[in-house]
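In numbering that gives the first Met the number 0, the protein residues as written are 0 to 472.
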Amino acid sequence: MTQHIVHTHFPGRLIFIGFGSIGQGVLPLILRHVGGLAPERIMIVTADDAGRQEAEQYGIRFLKHPLTRENFRHVLDPLVGRGDFLLNLSVDVSSIALIKLCHEKGALYLDTCIEPWPGGYTDPNIPASRRTNYALREEVLELRRNWTNGPTAVITHGANPGLVSHFVKQALLNIAADTGVEADPQGRDDWAALASKLGVKVIHIAERDTQVSNQPKMPGEFVNTWSVDGFVSEGSQPAELGWGTHERHFPRDGRQHDFGRKSAIFLTQPGCATRVRTWTPEAGHFHGFLVTHGESISISDFLTVKQNDRVLYRPTVHYAYHPSDNAVLSVHEFAGRNFQLQDRKRIMMEDITCGIDELGVLLAGHAKNAYWYGSQLSIGEARKLAPYNSATSLQVTVAALAGMIWAIENPAMGLVEPDEIDFRRNLEICMPYLGPVVGKYTDWTPLFDRGRLFPEDVDESDPWQFKNIRVVY
Numbered sequence: 000m001t002q003h004i005v006h007t008h009f010p011g012r013l014i015f016i017g018f019g020s021i022g023q024g025v026l027p028l029i030l031r032h033v034g035g036l037a038p039e040r041i042m043i044v045t046a047d048d049a050g051r052q053e054a055e056q057y058g059i060r061f062l063k064h065p066l067t068r069e070n071f072r073h074v075l076d077p078l079v080g081r082g083d084f085l086l087n088l089s090v091d092v093s094s095i096a097l098i099k100l101c102h103e104k105g106a107l108y109l110d111t112c113i114e115p116w117p118g119g120y121t122d123p124n125i126p127a128s129r130r131t132n133y134a135l136r137e138e139v140l141e142l143r144r145n146w147t148n149g150p151t152a153v154i155t156h157g158a159n160p161g162l163v164s165h166f167v168k169q170a171l172l173n174i175a176a177d178t179g180v181e182a183d184p185q186g187r188d189d190w191a192a193l194a195s196k197l198g199v200k201v202i203h204i205a206e207r208d209t210q211v212s213n214q215p216k217m218p219g220e221f222v223n224t225w226s227v228d229g230f231v232s233e234g235s236q237p238a239e240l241g242w243g244t245h246e247r248h249f250p251r252d253g254r255q256h257d258f259g260r261k262s263a264i265f266l267t268q269p270g271c272a273t274r275v276r277t278w279t280p281e282a283g284h285f286h287g288f289l290v291t292h293g294e295s296i297s298i299s300d301f302l303t304v305k306q307n308d309r310v311l312y313r314p315t316v317h318y319a320y321h322p323s324d325n326a327v328l329s330v331h332e333f334a335g336r337n338f339q340l341q342d343r344k345r346i347m348m349e350d351i352t353c354g355i356d357e358l359g360v361l362l363a364g365h366a367k368n369a370y371w372y373g374s375q376l377s378i379g380e381a382r383k384l385a386p387y388n389s390a391t392s393l394q395v396t397v398a399a400l401a402g403m404i405w406a407i408e409n410p411a412m413g414l415v416e417p418d419e420i421d422f423r424r425n426l427e428i429c430m431p432y433l434g435p436v437v438g439k440y441t442d443w444t445p446l447f448d449r450g451r452l453f454p455e456d457v458d459e460s461d462p463w464q465f466k467n468i469r470v471v472y
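And the structure:
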């Protein structure tokens, strides 16, 4: 029997909010690596019956009770207390409401994205700028004004956002070592200065999922390798990206925010209808969806160099996601239905026959052009490493585990983002579950083989302009 490392011990209660594919996948990892958590001190509160059988197998209480704006306090008040941990893996439950509750109760908290109440992503009566992850992040960070410390609340700590922020730091150190730049960053200003000194212009969270199912996608069905509801929600939000200081061509459909840190912009179209060019080592170059993610905003903000209020340096940062082919077909059908979700939903899991999820960060514009650093986890290895996981979900679940362990080890840090916590500790916990973790340089740029069929309007003076990265049909 494999002996798993117990990274920490936790004496409190653990409350899951939501128990879809990520909740089901992270539970066995928590039981492996967090000591002292008996099943009777774990509770699952969720909106449907997904995962009930797994919960029963582990002897864990399972409460099917959808949380709403009106009832969440009544439901959670008797379940959450001082020293407990609330793990929020839900959709359509306000992260801000749960963070406030945990702060009042003295409980630890972690989520993998900032969720609003239903409609917060898609209600056309809400201005587009307020349906963005930028706006949600600003609202969460505003809580810090009165919370100088208190119970630790780690926001947006899954694979991405989350793990990729730690990949970025390791990639910056690798590039510095390979280019002869001395680097020993200790804090935010040091990391931003290092990125600026290296000349990093663009950071793509570049992901290609090649997992294949033996069950083809059927008409009227949305198929994905992780939460359908989560993917549809973020894909329906405006496309967003951190906006770099090197950019010279502001997009025609781009909009700036008139509030907050102003580190990002958004486009007046859904992320799942927006394509960008990117590169990963196994897939090579491809077109990905510019789906909004919290890391696009937080990384860009974290790596900003300022002099007083003047921004001297900031990289462009965005997600570039090519999901499984079944998911691409699902998105195509979803868009053709004018963004009305299909009647049936299916998560690929046991039906996956082969493939990898190649998830990493592409840092470009520096002396060695571009460098990708990340995980190339296959479905075969994922199944050997942990139950109830695909390659995609395991990258998320182990990152949630790592963030949870860090919070238990640092219980009074207040509200924190992935960019602000110990990247080495998180990578140490995650690495055994990520398959091959590789760093590769490439001479690829978004201008590669362009204009082969028709002339294109590109900026050849700087290949890493967003104008050259975005796909225009």
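C-beta atoms are modelled at their ideal positions from N, C-alpha and C, and glycine is treated no differently.
The beta carbon of A381 lies closer than 7 Å to those of N388, S389, A390 and L393 in the same chain, with the five residues before and after it left out. M42 sits close to L78, with the two beta carbons spaced by under 8 Å. By the CB criterion at 8 Å, T111 and V395 fall inside the cutoff. At the C-beta level, D356 and L376 come within 8 Å of one another. Every unbroken stretch of the alpha helix (DSSP H) spanning 4 or more residues and falling wholly within the segment 78-146 is given here in chain order: 94-104 and 132-141. Taken through DSSP and simplified to helix, strand or coil, Y387 comes out as coil.
Around the beta carbon of V231, 16 or more other beta carbons sit within 10 angstroms, so the residue counts as buried. An exposed status is given to A37, since fewer than 16 other beta-carbon atoms sit within 10 Å of its beta-carbon. With fewer than 16 neighbouring CB atoms inside 10 Å of its own CB, R336 falls in the exposed class. In the DSSP annotation of this structure, the continuous segment of the alpha helix (DSSP H) that includes D324 starts and ends at D324 to G335.
Excluding the 5 residues flanking it on each side, I113 has same chain C-beta neighbours closer than 7 Å at S94, N132, L135, R136, V139, I154, T155 and G293, in chain order. With respect to the C-alpha of T352, the residue from N70, T224 and G283 having the closest C-alpha is T224. Looking from the CA of I4, the closest CA among F453, N467 and I428 belongs to I428.
Inside the segment 10-82, DSSP marks whole beta strand (DSSP E) runs of 3 or more residues at positions 13-16, 41-45 and 60-63, from first to last along the chain.
Three or more Cβ pairs closer than 8 Å define a contact, and the segment 80-94 meets that threshold against the segment 10-25. When secondary structure is reduced to three states using DSSP, A369 falls in the strand class.
Straight across, the Cα-Cα distance linking V199 with G50 is about 43 Å. Counting C-beta atoms within 10 angstroms of its own C-beta, V470 has fewer than 16 neighbours from the protein chains shown and is therefore classed as exposed. Taking C-beta atoms under 8 Å as the contact rule, R254 and S89 fail to qualify, at a distance of about 29 Å. Taking the C-beta atoms as reference points, P462 is found nearer than 8 Å to L446.
Here N173 really is in contact with Y372; their C-beta atoms are around 7 Å apart, less than 8 Å. In summary, D442 is exposed, with fewer than 16 beta-carbon neighbours lying within 10 Å of its beta-carbon over all protein chains present. Separation of the CB atoms of F422 and K196 is rounded to 19 Å, and the pair is thereby denied contact status at 8 Å. For the pair P314 and G259, the CB atoms are not nearer than the 8 Å cut-off. DSSP places H3 in the coil class of the three-state scheme, outside both helix and strand.
Distance between L433 and T273, taken at the CA atoms: about 28 Å.
Burial check for R309: the Cβ neighbour count within 10 Å stays below 16, so the residue is exposed. Ranked by how close their Cα comes to the Cα of Y318, the residues H203, L28, L109 and R251 have H203 in first place.
The beta carbons of I298 and V316 sit about 5 Å from each other, so the pair counts as a contact at 8 Å.
When rounded, the separation of the alpha-carbon atoms in E55 and L62 is 11 Å.
In the same chain as Q23, and ignoring 5 residues on each side of it, the C-beta atoms closer than 6 Å to its own belong to G50, E53 and Y387, in chain order.
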